[in-house]
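Numbers 0 to 163, taken from numbering that gives the first Met the number 0, label the letters of the sequence shown in order. Backbone N, C-alpha and C fix where the C-beta goes; we use that ideal spot for every residue, glycine too. Remarks on the structure that follows.
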Amino acid sequence: MAGPPALSLANTWALKRGRLRDLLTDPDDLERWLEREGLPDRGELAEFRALRAAITRAFTALSRGKQPPAATIAQINQASCREPVAPQLDWAGGEPQVELAGTDPLAAVARSAITLLAGPDRHRLRECQAPDCPLFFLTGNPRRRWCSTACGTRVRVTRHLARG
Numbered sequence: 000m001a002g003p004p005a006l007s008l009a010n011t012w013a014l015k016r017g018r019l020r021d022l023l024t025d026p027d028d029l030e031r032w033l034e035r036e037g038l039p040d041r042g043e044l045a046e047f048r049a050l051r052a053a054i055t056r057a058f059t060a061l062s063r064g065k066q067p068p069a070a071t072i073a074q075i076n077q078a079s080c081r082e083p084v085a086p087q088l089d090w091a092g093g094e095p096q097v098e099l100a101g102t103d104p105l106a107a108v109a110r111s112a113i114t115l116l117a118g119p120d121r122h123r124l125r126e127c128q129a130p131d132c133p134l135f136f137l138t139g140n141p142r143r144r145w146c147s148t149a150c151g152t153r154v155r156v157t158r159h160l161a162r163g
C-alpha cells in the first residue's frame, strides 16, 4: 500500500490468521522499514512506535470525522520539531517541486503526518471497515470501505456464511 511515510508507519501491522501482528518488533524491523521508505536508517524503535501510536490516533479521529486530540497533535508536532528544515526548490524533473530535506527520519515521518492531516488529501483518508483490520488507506472513491480486495472479500464471505 503506497502512500506517505506516515500512512506507511501507521500500517506497520498485519492480520494473519485472525491475529494482529506488529511488524515493528525489533530494531532490524525498523531498519528494513526505513530503507523501504527511502529514509535514513537510523532511529529508536520506541520513538517510532510512540509516533505510530500518535499517528494512528490522529488518523482514526480524522477518518471518523473528528478532530485529533490536542495531546496527539502536540506529540506529532514535537517529533516534527526534532529537526528544523528549510524548504528547498528542486527543478530536476522539469517541474518545480518543494523538498523538505533533512536527515532525521522520525521528524520526516511526523512532517508527512502533518502534511496529510492538514492537506487536501485528508478527505481521502479512510480506516478499513473490515473487522480487526487496523489499516488506513487513501481513496479516490468515497464509497470504498476496505483497504484491499482481500479485506472486502473476507467481509463478504463472512456475511454470506452468516446468512446460512
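Query	Result
Beta-carbon proximity list for P104, same chain, < 6 Å, skipping 5 on both sides	L33, L38, P39, G42
Cβ distance (whole Å) where S79 is taken to contact P4 below 8 Å	With a Cβ gap of about 12 Å, S79 and P4 do not count as contacting.
Complete runs of the alpha helix (DSSP H) confined to the region 94-129 [at least 4 residues]	104-117
Segments of 3+ residues assigned as beta strand (DSSP E) that fall wholly inside the region 30-93	87-89
Cα-Cα separation, I113 to I75	8 Å
Under the three-state DSSP convention, the category D21 falls into	strand
Cβ-based burial, L88 [other Cβ within 10 Å; buried from 16]	exposed
N- and C-terminal bounds of the alpha helix (DSSP H) containing L8	4-9
R81 versus A70, H122, A107, R16, residue with shortest Cα-Cα distance	A107
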